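To start, the structure under review is shown below, and the notes come after it.
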Amino acid sequence: MNFDDDLKLNRTEGDIVGVYIISVAARLMEMHPQTLRKYDRAGLVSPSRTVGMLRLYSDADLIKLRIIKRLVENYGINLAGVSLILDLIEILTKILQHTEEQNEINWIEKNDKIEKMINMALKEISYI
C-alpha cells in the first residue's frame, strides 16, 4: 500500500466505530501500545472508549496511525509536524469533497440545460 492509498479517508459508518483494543491495534500497526497512548495524548488519534475507558481503535484510526507511522519513521517528522500535516489532510479532504459536490451539481445543471435544449429543438422540428 502506498502513501496515496493511506490518504483515502472515505469513511463508512462501520469505519467510525472502534473495534480493536489497544493491544490488537498495536500489533496490527507493528507499534508498541505505549506509542499509541502517546499519540492519543498528543491528540493525533482519538480512539473511542468503552465504559471501562479502554481505547477502541476503528479502521479510520488505523489508517491515521499508518500515516503517522510513515511520517515519523520514513520522513523523520516530529509530532508537531505530524499534527500540522494531519490537519492539512483534513482540510484538503474537505475541500476536495466540496469541489466534487460542486462538480456534480454543475454537471446536473448542464445536463438539465442540454435536455431542455434538446426538447426545444424537438419541438421546433415538429412544427416544421
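Just so we're aligned, residue -11 is where the sequence shown starts under our numbering, counting upward by one. Here a beta-carbon is modelled for each residue, glycine too, at the ideal position from N, C-alpha and C. Since this is a predicted model, take the numbers as computed values, not measurements.
Margin query: In the DSSP output, what is residue 102 paired with across the bridge?
Written below: As a working note, residue 102 is residue 114 in the sequence shown. DSSP, once it has assigned bridges, lists no residue as partnering residue 102.
Check: Can you name, in chain order, every residue of its own chain whose Cβ lies under 8 angstroms from the Cβ of residue 28, other than the five neighbours on each side?
Finding: Stepping through the sequence shown from its first residue, residue 28 is reached at position 40. Closer than 8 angstroms at the Cβ level, and outside the excluded window around residue 28, lie 34, 35, 43.
Check: Is DSSP giving residue 80 helix, strand or coil here?
Finding: Along the sequence shown, one-based indexing puts residue 80 at 92. Residue 80 falls in the helix class under three-state DSSP.
Check: Start and end of the alpha helix (DSSP H) containing residue 50?
Finding: Your numbering for residue 50 matches position 62 in the sequence shown. Here the alpha helix (DSSP H) through residue 50 covers 47 to 63.
Margin query: By DSSP's criteria, residue 8 is part of a beta bridge. Which residues make up the other side?
Written below: Indexing the sequence shown from 1 puts residue 8 at position 20. DSSP output for residue 8 lists 45 as bridge partner(s).
Notebook entry, point to check: Given that a residue counts as buried once 16 or more other Cβ atoms are within 10 Å of its Cβ, and exposed if not, what is residue 75?
Noted result: Looking up residue 75 in the sequence shown gives position 87. Result: exposed.
Margin query: For a test of the three-state rule: what should DSSP assign to residue 114, helix, strand or coil?
Written below: Working through the sequence shown from its first residue, we reach residue 114 at position 126. Of the three classes helix, strand and coil, the one that applies to residue 114 here is helix, per DSSP.
Check: Applying the criterion that 16 or more other CB atoms from any shown protein chain within 10 Å of the CB defines a buried residue, is residue 55 buried or exposed?
Finding: In the sequence shown, residue 55 corresponds to position 67, counting from 1. When all chains shown are included, residue 55 counts as buried.
Check: In terms of residue numbering, what span does the alpha helix (DSSP H) encompassing residue 23 cover?
Finding: Position 35 of the sequence shown, counted from the first residue, corresponds to residue 23. Taken as a continuous stretch (DSSP letters only), the alpha helix (DSSP H) holding residue 23 covers 21 to 29.
Margin query: Are the CB atoms of residue 63 and residue 8 within a distance shorter than 8 angstroms?
Written below: What you label residue 8 is simply residue 20 of the sequence shown in a count that begins at 1. What you label residue 63 is simply residue 75 of the sequence shown in a count that begins at 1. No; because the gap between Cβ atoms is not below 8 angstroms, this pair is not in contact.
Item checked: Counted within 10 angstroms of its Cβ, other Cβ atoms place residue 121 as buried (16 or more) or exposed -> Residue 121 falls outside the range modelled here, since the chain spans only -11 to 116, and no answer is possible.
Next item on the list: Could you tell me which residues DSSP pairs with residue 15 in its beta bridges?
Entry: Taking the sequence shown and counting its residues from 1, one reaches residue 15 at position 27. Answer is none; residue 15 lacks a bridge partner.
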